[in-house]
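Going by this note's numbering, the sequence shown opens with residue 1, and the numbers climb by one from there.
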Amino acid sequence: MTTNVGLQIPAGLTFENWENTGRRLSGIVNSSSWWLGDWMIYGKDHYCDRYERGIRAVGLRYQTLRNYAWVSRRFVIERRRATLSFQHHAEVASLSLPEQDHWLDQCETHEWSTKQLRKAVRLAQENEIDGEDQGAEPTQRLAVPTDHMRRWHSAASHAGIDLDEWVVVTLDSAAEEILAG
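Printed below as a string of structure tokens:
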């Protein structure tokens with residue numbers, strides 16, 4: 001019996017039933033991230049005037065919901081792997097579609113945890129950068145919400161420099177400040 005605050009497990013539950021229940025609960029947790037992401041996308045597309053009110057009613061942090069929606073947008077339902085967690089998908093969501101597929105294939109083949117996936121992607125990216133022509137600049141793609149891009153363009157314009165230069169200057173400044181502290 002479930003309630004909003006707990007799960008009451010009947011006395012005498014067999015190990016097999018207890019294990020199956022755990023598997024189902026884990027599936028619900030994983031699926032709920034996709035469900036909330038899809039719910040956010042639908043709300044933004046259909047109820048833009050009441051969208052924020054709906055989000056507040058859910059009671060979860062806005063950034064959490066935005067992250068769910070971002071990953072859900074990056075993986076249409078047909079590309080989502082039922083054998084892998086939402087978090088596996090989130091780990092590769094910023095990559096190109098072929099790269100996403102490659103890494104998710106690797107996860108399925110080798111039964112990687114999200115930690116193993118993160119490490120493999122990081123190592124591949126480091127090797128890619130190490131192996132590049134010394135004169136070539138490494139390229140990093142970021143998925144950035146539109147409102148952030150507008151703000152950054154405005155700040156760059158205000159500073160009298162182009163956006164690329166502004167981003168590099170701003171990130172370098174932030175890195176120096178953090179590393180000096």
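Ideal placement from N, C-alpha and C gives every residue a C-beta, glycine not left out.
D147 and T114 have their alpha carbons spaced roughly 30 Å apart.
With a 10 Å radius around the Cβ and a threshold of 16 neighbouring Cβ atoms, L104 comes out buried.
Considered as a whole, the stretch 48-111 harbours 51-58, 62-74, 86-92, 97-110 as its complete alpha helix (DSSP H) runs of no fewer than 4 residues, in chain order. Exposed is the label assigned to E19, since fewer than 16 other Cβ atoms lie within 10 Å of its Cβ. For D45, the enclosing alpha helix (DSSP H) covers residues 15-46. Taking one beta carbon from each stretch, the stretch 5-24 and the stretch 51-69 have fewer than 3 pairs nearer than 8 Å; the two do not touch. For V169, the enclosing alpha helix (DSSP H) begins and ends at 163-180. Each residue's CA atom was taken as its position, placing Q116 and S96 some 19 Å apart.
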